[in-house]
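J.: Mind looking over this structure? Questions follow.
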Amino acid sequence: MTSKDYIEGFTSGNQKVIGLFYENNLYKLTTWIEKNNGNAEDALDIFQDGVESIIRKIFSQKLPEDVKLEAYFFTSCKNIWLKRIEKKSKEDKVRISEEKKYTLDVTEVDNLDKDYEDDGLKRMMSETFSKLTPTCQKLVTLLEKETKADEIAELLNMSKANTVYRRKFACYKSWRKYLEEHPFYTKWKYKND
Amino acid sequence: MVDEDILKYLEGQLSEADSIAFEKQMSTDESLAKRVSSYKEMKSFAESKVPETDALIAAQKVYQKQKLKLAKTNKPKNSDTKQRPILKYLIPIAVAALVILGIFVTQNNSVSDQNLYADYFNPEEIGLVSRSDNNQNLLEEAENKFNQKDYVSAEISFDKLIGQYPGQDLYQYYHAISQLSNGKIEEARTTFNLLSNKDGFRNESLYYLGLSYLKEKDKVKALDYFIKIGNQFFRYDKVQEIIKHLQ
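See the structure below:
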């Protein structure tokens, strides 16, 4: 399989190709993670994080051109793992010294630039959407696709269809909140008034 | 009017009477009209994300299968069983490759000492942003600049990231690589020396420490670092090339 084959398989959601990617690469990552304070389960989780990250990059056209996918993927996973163990070690230290709760820093959205003006709305939607939890992102999208609530509940490990609707409103509400906090929102609102 | 009603209105789930009432209210309530407009955009954006979500769901299904497979093995699989058959073929190939490489290197001295640094300073492309990161913009900027080999801008971006996450070794590591490229050799070395004591960065840091001395054409010191690099390093073959050349 070439990088191109894999990318095509990822893009079309071809489980066979994704499965092959797993078969051909999971072992390598597991070996590395086991050498770096992790185990096979950690490796599997990181692998999946890496796969999702690649898929998102493909769709947002942020995957470097002519990328050697497997090498790129392996580096990405290594980075995700190193960040995770570092965060964990920080959290442990905080716990030990009984300091206050460890919180992640939140980066403020960067200033507007020229390109931003042109596709500001799209970018605002994309940036605020990415702030939603992965479950919320999948949920709202699946609902737009008119997937049945039972099916969504099963896919997203929710107890029942009712939960899907409850979560739907909560997700949209959070999204609206992020929109209203976004620097472009006022500009957009002004334009539309 | 609550958000739930707006969604119901947009999805045609309100009764005709409620729908008319809603529209009437919207015509006089500017803020409601704006919220409706936001929801329209959100729904349209979510719709555009359908193919991506399909791909993510497919990946998730594969992940679940792999998880089951792993659970069945009960214990994390020891890699040896899988590795041996591959190694059986790889070892002779690697030996042959080294012999050929040796011949090539001894016969072909076109790589001068001066070029060694330039030939081997070739950082791999990086992927830093993951789904759980909060600082995606800055991370993306750092990642892009680094991948475009714009190490001056990359150094600035990683500097900002370090300001936010002073303890994040990964950012220190890429910052130091950028510094090395930008000629800030001593600063880069300080970081690599610290990182060389940490899991996951040891071999990588030794490699760049070696390169930092190559950059200054100090072959003896460079060799000191290259020979300490373990064989699990992903560029171990390159390291062997350098060592052979330096020796």
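For the record, the sequence lines run as chains A and B. Residue numbering for the first sequence follows my numbering, starting at 2 and increasing by one per position. Residue numbering for the second sequence follows my numbering, starting at -2 and increasing by one per position. Backbone N, C-alpha and C define an ideal beta-carbon position, used for all residues, glycine too. Small disclaimer: the values here were computed from a predicted structure and weren't measured.
1. Check each residue of the stretch 38 to 61 of chain B: if its Cβ is closer than 8 angstroms to any Cβ of chain A, include it; give the result in chain order.
2. So with Cβ pairs under 9 angstroms, would you call Lys64(B) a contact of chain A?
3. Taking the C-alpha atoms as reference points, what is the distance between Gln176(B) and Glu66(A)?
4. Does any residue of chain A have a CB that is nearer than 9 angstroms to the CB of Leu11(B)?
5. From Ser13(A) to Ala52(B), what does the alpha carbon distance come to, in whole angstroms?
6. Strictly below 7 angstroms CB to CB, what residues from chain A border Asn144(B)?
7. Given a cut-off of 9 angstroms on the beta-carbon distance, is the pair Leu122(A) and Trp189(A) in contact?
8. Could you tell me which chain B residues have their CB closer than 7 angstroms to the CB of Ala154(A), listed as they occur along the chain?
9. Looking at Ser77(A) and Ile123(B), is the spacing between their C-beta atoms short of 9 angstroms?
10. From Lys58(A), Ile56(A), Leu27(A), Val52(A), pick the residue whose C-alpha is nearest to that of Ala44(A); which is it?
11. Taking C-beta pairs closer than 9 angstroms, name the residues in chain A that Val123(B) reaches, listed in chain order.
12. Does Arg167(A) pass the burial test, meaning 16 or more other C-beta atoms within 10 Å, or should it be called exposed?
13. Out of curiosity, what's the CA-to-CA distance linking Leu133(A) and Glu238(B)?
14. For Lys218(B), which residues from the same chain have a beta carbon less than 6 angstroms from its beta carbon, with the 5 sequence-adjacent residues on both sides left out?
15. For the alpha helix (DSSP H) that Met125(A) lies in, which residues bound it at each end?
16. Using the Cβ count rule (16 or more neighbours within 10 Å means buried), how would you classify Asp234(B)?
17. Specify the secondary structure class of His172(B) as computed by DSSP and reduced to three states.
18. List the residues of chain A that Asp147(B) touches, going by C-beta distances under 9 angstroms, in chain order.
T.: According to the structure data:
1. Glu38, Met39, Lys40, Phe42, Ala43, Glu44, Lys46, Val47, Pro48, Glu49, Thr50, Asp51, Ala52, Leu53, Ile54, Ala55, Ala56, Gln57, Lys58, Val59, Tyr60
2. yes
3. 25 angstroms
4. no
5. 6 angstroms
6. Pro65
7. yes
8. The premise fails here: Ala154(A) is roughly 13 angstroms from chain B at the closest Cβ pair, so nothing lies under 7 angstroms.
9. yes
10. Leu27(A)
11. The identity of residue 123(B) in the sequence shown is Ile, whereas the question assumes Val. Neighbours of Ile123(B) on chain A, chain order: Tyr73, Thr76, Ser77, Asn80.
12. exposed
13. 48 angstroms
14. Tyr210
15. 121 to 132
16. exposed
17. helix
18. In chain order: nothing, as chain A lies at least about 13 angstroms away.
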